[in-house]
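Worksheet for the structure shown next.
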Amino acid sequence: MDPIRRSLLGQLAKLTAGAALVPLSSVASAGINDQPPRRGGDPTKRYGMLIDLRRCIGCQACTVSCHIENAAPLGNFRTIVSQFEVEHEETGELATFMLPRLCNHCENPPCVPVCPVQATFQREDGIVVVDSDRCVGCAYCVNACPYDARFINSRTQTADKCTFCAHRLEANLLPACVESCVGGARIIGDMRDPDSEISRLIKEHRDELMVLKPEKNTLPQVFYLGMDERFTTRPDDAKAGIWDVRNEQGKEIGYEFASH
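According to mature numbering (1 follows the signal peptide of the UniProt record, and there is no 0), the stretch in the sequence shown is residues -30 to -1, 1 to 230, in order.
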């Protein structure tokens, strides 16, 4: 049997085993294709992130610090910075474009209603998280995410993703990626607090802010400042840069919108 077929059969076996562990009562109460009530978190807050691309230098400090903080398996990342080589339309000059990527903690997250056991859910403060004790690794949420922000953790065999480092926020600490950003490009905060830095920046730059894949109507809560509107979806002329993060098969991680 060739290696590709063996790998495919192995993955199918895992998914079948995971599906067999889903209690029918859980499926019945989950309300597939319906957004369940939010639970946990502070209902008086709504966390969001603003990324100032004018300050991002593509150093990948956020990628490394997140990987260490959340003990992600080798080859899996909760956040990355994709780097692209772009050509100026008029002059033909080449430039590098940096695009930090992570879970968008959408107001209308498509990953939540597809979970058959409500392992993926949204807290009242807007943070989308995964209950690894309930997750069966079916990967429905992975496929539902239009931002390629989820993966199946090879160690736990459950869904994994960015959580805005909720455990750090609850301890009044900044997320690892924000704390380690040398250019101060990442700003996180409570958008319901008019005095927070993110609220001030949103108010100041409201007409300049962009989100990824707005046509999906997920209402992302990660906002980009200084982004060319062509990058809300991947431009045809954007070539992957030499320092892009890739998986073991050499495939670029994190900006493969065409596959959805």
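Glycine residues also receive a C-beta, built at the ideal position from the N, C-alpha and C atoms.
Exercise. Which whole-angstrom value describes the C-beta separation of Pro43 and Asn113, a residue pair presumed to lie in contact below a C-beta threshold of 8 Å?
Worked result: As a position in the sequence shown, residue 43 is number 73, starting the count at 1. As a position in the sequence shown, residue 113 is number 143, starting the count at 1. That belief does not hold up - the Cβ atoms of Pro43 and Asn113 are roughly 20 Å apart, past 8 Å.
For this session: Decide yes or no for the touch test of the segment 151 to 164 against the segment 15 to 29: beta carbon pairs closer than 8 Å, at least 3 of them.
Result: The segment 151 to 164 makes contact with the segment 15 to 29, as at least three CB pairs between them are under 8 Å.
Exercise. Do Leu189 and Cys76 have their CB atoms nearer than 7 Å?
Worked result: If you number the sequence shown from 1, residue 189 lands on position 219. If you number the sequence shown from 1, residue 76 lands on position 106. Taking 7 Å as the Cβ cut-off, Leu189 and Cys76 qualify as a contacting pair.
For this session: Let me know if Pro184 comes out buried or exposed under the rule of 16 or more other beta-carbons within 10 Å of its beta-carbon.
Result: Position 214 of the sequence shown, counted from the start, is the residue given in the question as residue 184. Exposed, since its Cβ has fewer than 16 Cβ neighbours within 10 Å.
Exercise. Using CA coordinates, which residue listed in Val98, Pro7 and Ser35 is at the minimum distance from Cys151?
Worked result: Start at 1 with the first residue of the sequence shown, and residue 151 comes out as number 181. Out of Val98, Pro7 and Ser35, Ser35 has the C-alpha closest to the C-alpha of Cys151.
Problem set entry | With 16 other Cβ atoms within 10 Å as the buried cut-off, status of Lys131 | Residue 131 sits at position 161 when you count from the first residue of the sequence shown. The residue is buried, with at least 16 neighbouring Cβ atoms inside 10 Å.
Problem set entry | Endpoints, the alpha helix (DSSP H) within which Tyr110 is located | Position 140 of the sequence shown, counted from the first residue, corresponds to residue 110. Taken as a continuous stretch (DSSP letters only), the alpha helix (DSSP H) holding Tyr110 covers Tyr110 to Ala114.
Exercise. Going straight from the alpha carbon of Ala109 to that of Ala129, what length do you get?
Worked result: As a first step, residue 109 is located in the sequence shown; it is residue number 139 there, counting from the start. As a first step, residue 129 is located in the sequence shown; it is residue number 159 there, counting from the start. Each residue's Cα considered, the two are about 7 Å apart.
Problem set entry | Beta-carbon gap between Asp198 and Pro83 smaller than 7 Å | On the sequence shown, position 228 is the one that residue 198 refers to. On the sequence shown, position 113 is the one that residue 83 refers to. For Asp198 and Pro83, no; Cβs fall outside 7 Å.
Exercise. Which residues in the same chain have their Cβ closer than 8 Å to the Cβ of Leu179, if we skip the five residues on either side of it in sequence?
Worked result: Within the sequence shown, numbered from 1, the residue matching residue 179 stands at position 209. Cβ neighbours of Leu179 beyond the five flanking positions: Leu20, Ile172, Phe193, Tyr194 and Leu195.
Problem set entry | Distance CB(Thr90)-CB(Leu72) smaller than 7 Å | On the sequence shown, position 120 is the one that residue 90 refers to. On the sequence shown, position 102 is the one that residue 72 refers to. It is not a contact, given that the beta carbons lie outside the stated cut-off.
Exercise. If you run the structure through DSSP and keep just helix, strand and coil, what is Pro70?
Worked result: Position 100 of the sequence shown holds residue 70. Three-state result, Pro70: strand.
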